[in-house]
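Chains as they are written, first to last, in the numbering used here: chain A, 1 to 151; chain B, 152 to 302. For each residue, glycine too, the CB sits at the ideal point set by N, CA and C. None of the values given here were measured: they were computed from a predicted structure. Below: one structure, written as structure tokens.
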DNA sequence: GTACTTGCAAACGCTTTGCACTCTC
DNA sequence: GAGAGTGCAAAGCGTTTGCAAGTAC
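In structure tokens, the structure reads:
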């Protein structure tokens, strides 16, 4: 069994626990939405996820996907990210490390990046103004190598 | 005459030029919207600006404010900023230096911050992945000193 | 059996657009 | 006077919500 399968199983377990704790129910719809989410990579919109779920079960409604994504967010399995496009996107939330995003303005190709020095400077910056930092969002926009080659 | 007045005059000039170049027209509505924008500080939503303009002239429509804000953006007088609230906000665009934002999660108090070292590290990060950096948005979220004192 | 969930469609909030009328250049 | 700009209301978009019927526990 691959590492991926183990991870997926853990996530399913975590979601079950979360639902139980909140006295909510596991339903076939939530199951399928979770599965589709776990099987995905990158940064899906609710719409994206809806279409993937639909391939498996074309009775699931959009509203259920929206509602379930909220639950996945709350439980920490998914994490909402905002690329200033006017749609909410979600990435896997169990990534142990924080990261930011480097996004191609042409083709939307996205790289996850992390730099500890930047994080530290951000802390300093907040502290300098007396703020206690609780989080941040950083998106770098540019042109990816592939698109640059086409220029 | 204060420095502020000079700046405002320059901005009005710049907008006139922009309109002329694009073969667009200066109208009383655009004038009033520009004036309200220049007289403001911080990060206004279209709604905010609409209300301020309305205090001067209650015949101006929301659509005109939206349309004019787009023009102000295009002309560089305003700059759109996204604080992930679901509303577009605009700040003065003639600030000579780039800056990012530090936002209080409780009261929304916003500080403009800049750190050259972070900028440089961002460039490095993009370059490391072969991207040519064209821009970025960085929002730091935290609790401001005033709100911390109330805890 | 009792909540909680569902799909649907209607409502939502912000923004854009089609239109007939008005105004600037 | 030709082309742009206006206010209004309607439409558009992603998202949320009210509801009656259905389902997990």
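Three or more pairs of CB atoms, one per stretch, sit closer than 8 Å, so the stretch 233-250 of chain B contacts the stretch 192-201 of chain B. Nearest in C-alpha terms to residue 32(A), of all of 8(A), 20(A), 135(A), is 8(A). From the listed residues 143(A), 149(A), 139(A), 76(A), the smallest Cα separation to residue 17(A) is found for 76(A).
When secondary structure is reduced to three states using DSSP, residue 134(A) falls in the strand class. By the beta-carbon neighbour count (other beta carbons within 10 angstroms, threshold 16), residue 56(A) is exposed.
Chain A has a Cβ within less than 9 Å of the Cβ of residue 284(B). Taking a contact to require three or more Cβ pairs closer than 8 Å, the stretch 22-38 of chain A and the stretch 67-74 of chain A qualify as touching.
Residue contact with chain A for residue 194(B): absent (no Cβ-Cβ distance below 9 Å to any residue of chain A). When the Cα atoms are used, residue 262(B) and residue 292(B) turn out to be separated by approximately 11 Å. Residues of the same chain with their beta carbon placed closer than 7 Å to that of residue 300(B) are lacking, with the five preceding and five following residues left out of the count. Within the same chain, and ignoring the five residues on either side of residue 233(B) in sequence, no residue has its Cβ closer than 6 Å to its Cβ. Contact between the stretch 121-131 of chain A and the stretch 245-260 of chain B is present: three or more C-beta pairs spanning the two stretches fall below 8 Å.
For residue 295(B), the nearest CB of chain A lies under 9 Å from its own CB, placing it at the interface with that chain. Membership of residue 89(A) in any alpha helix (DSSP H) is not indicated; the residue belongs instead to the beta strand (DSSP E) covering 89-92. Counting only runs of 4+ residues, the alpha helix (DSSP H) found wholly inside the stretch 179-226 of chain B occupies 179-190, 197-207, 213-225, in chain order. A Cβ-Cβ distance of about 17 Å is found for the pair residue 287(B) and residue 147(A), leaving them out of contact under the 8 Å criterion. Setting aside the 5 residues that flank it on each side, residue 223(B) is surrounded in the same chain by 229, each with a C-beta closer than 6 Å to its C-beta; the list follows chain order. Using a CB distance below 8 Å, the part of the stretch 100-122 of chain A facing chain B consists of 102, 104, 105, 111, 113, 115, 117, 118, 121, 122, ordered along the chain. Taking the C-beta atoms as reference points, residue 175(B) is found no nearer than 9 Å to residue 115(A). Shown here, residue 168(B) sits in a helix according to DSSP, grouped into three states. Residues 250, 251, 252, 253, 291 of the same chain have their beta carbon placed closer than 8 Å to that of residue 264(B), with the five preceding and five following residues left out of the count.
Within chain B, the C-beta atoms nearer than 8 Å to that of residue 136(A) come from 289, 290, 291, 292, in chain order. Here residue 79(A) is bridged, per DSSP, to 91(A).
By the beta-carbon neighbour count (other beta carbons within 10 angstroms, threshold 16), residue 295(B) is buried. The continuous beta strand (DSSP E) containing residue 263(B) extends over residues 261-264. Residue 255(B) sits in a strand when the DSSP states are folded into three classes. Here residue 53(A) is buried. Its C-beta has 16 or more other C-beta atoms within 10 Å. Using a Cβ-Cβ cut-off of 9 Å, residue 51(A) is close to nothing in chain B; its nearest Cβ partner there is about 24 Å away. Among the residues facing chain A, residue 220(B) is not included, as its CB has no counterpart in that chain under 9 Å away.
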